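Residue numbers (the numbering used here): 24 to 336. Cβ coordinates follow ideal geometry from the N, Cα and C atoms, glycine included. Note that the coordinates shown come from a computational prediction; the quantities given were computed from them, not determined experimentally. In what follows, a single structure is set out as structure tokens and then discussed.
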Amino acid sequence: MEDDLYGDEYNDDLDGQDACDIEETANGQFKLAMHVASSFYGGIIGFKGSTKRRIEGETQCSINIPQKTTTNKISEAKIIITGRTRNSVATARRKVQLLVASLRKRMKATHFYGVTMTSDEIRENFKKLKTQILEAEIPGISEELFQFDHKLHLTLGICVLLDDTERKKAVEILESCREFLTDLKTPFTVKCSGLEIMNDDPSSVRVLYANVESEELQTFANLCFDRFNKTGLGIDDFDRGHVKLHMTIMNNRYLEREIPNTTTKTFDAREILKRWGNYCFGSAQCNEVLLCALGSTTEHRDFYKITGSLKFN
24 MEDDLYGDEY NDDLDGQDAC DIEETANGQF KLAMHVASSF YGGIIGFKGS TKRRIEGETQ
84 CSINIPQKTT TNKISEAKII ITGRTRNSVA TARRKVQLLV ASLRKRMKAT HFYGVTMTSD
144 EIRENFKKLK TQILEAEIPG ISEELFQFDH KLHLTLGICV LLDDTERKKA VEILESCREF
204 LTDLKTPFTV KCSGLEIMND DPSSVRVLYA NVESEELQTF ANLCFDRFNK TGLGIDDFDR
264 GHVKLHMTIM NNRYLEREIP NTTTKTFDAR EILKRWGNYC FGSAQCNEVL LCALGSTTEH
324 RDFYKITGSL KFN
């Protein structure tokens, strides 16, 4: 039996937003226009239209999905849901939203929101550590495993943003997080010291990171993380329910970035942890959170391409 991607986590009670968005037409029907990124259309339609028909049958609504034409920009088009009652239209919308949320979780992240860690002190100490490790000539450790010093950052959360509408919404969500700063002292002081690994086996490591200490940033990060995830644009890829503040130093993915089709999946970090496990990178002041496109820079020696920002002052 086909998995129910959109589930039945809904009820027939209208909330305020549902009631405002649904219009009554001249013929007594009810209609709703909702934006959904075109990348999700195939999943909503399903194999030979099965998923769309299923939602229509369960809600007694019709769902009109835009088609790309020479006169229509599909990114600006909307899905139209039509039904005989407000409740049925609202239920159909919730089913579509749940389906989109399920599909989004399966996609590769496109953006992250986070904090730069590119203060002079941290960058210099990072470069010193990198030099020391490479000069030690540890087997399996190469320069390609290291993060670029101009890209050092703390990831607060990741998103899948598939069109301009979703990107604009994400910027608005980030700005809405300003209210969480009211009871916090800014800028946040962020201390970075000590090395850890993401897994339990130091001989087979994918990610080596620096510990981060900042109680107020942790509080703020968790609140932002929760808000982004509740909107459906954010993803909790590790199902932690909170942010694990860390600054990535080495990552096997960086090796793949520099050497495509590499077969090396992990590296041995035992000697690094033994000799530099208590390494101190220093501290930085955090006075903004950035929304950035993953895997992008404006210039070779620049930070990630910035989509939006929340400046504290």
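Asked                                                                                                                              : Found
Is the CB of A113 under 8 Å away from at least one CB in chain D?                                                                  : Among the chains of the structure shown, chain D does not appear; only one protein chain is present.
What residue range is occupied by the uninterrupted beta strand (DSSP E) comprising Q308?                                          : 303-309
Between I258 and C84, what straight-line distance do the alpha-carbon atoms span, to the nearest angstrom?                         : 30 Å
In the DSSP assignment, what are the bridge partners of T271?                                                                      : Y232
Suppose contacts are defined by Cβ-Cβ distances below 8 Å. Is T205 in contact with F135 by that definition?                        : no
Among K253, S227, C247, T212, which has the Cα closest to the Cα of E238?                                                          : T212
Among L317, C303, S111, V312, whose alpha-carbon lies nearest the alpha-carbon of L246?                                            : V312
By a C-beta neighbour count over all protein chains shown, 10 Å radius and 16 as the cutoff for buried, is E189 buried or exposed? : buried
Let me know if H176 comes out buried or exposed under the rule of 16 or more other beta-carbons within 10 Å of its beta-carbon.    : buried
Does the distance from the C-beta atom of I145 to that of F261 stay below 8 Å?                                                     : no
At the level of alpha carbons, what is the spacing between K328 and I86?                                                           : 37 Å
Have a look at I67, R76, F169 and flag the residue whose alpha-carbon is nearest the alpha-carbon of Q120.                         : I67
Between T139 and K174, what straight-line distance do the alpha-carbon atoms span, to the nearest angstrom?                        : 8 Å
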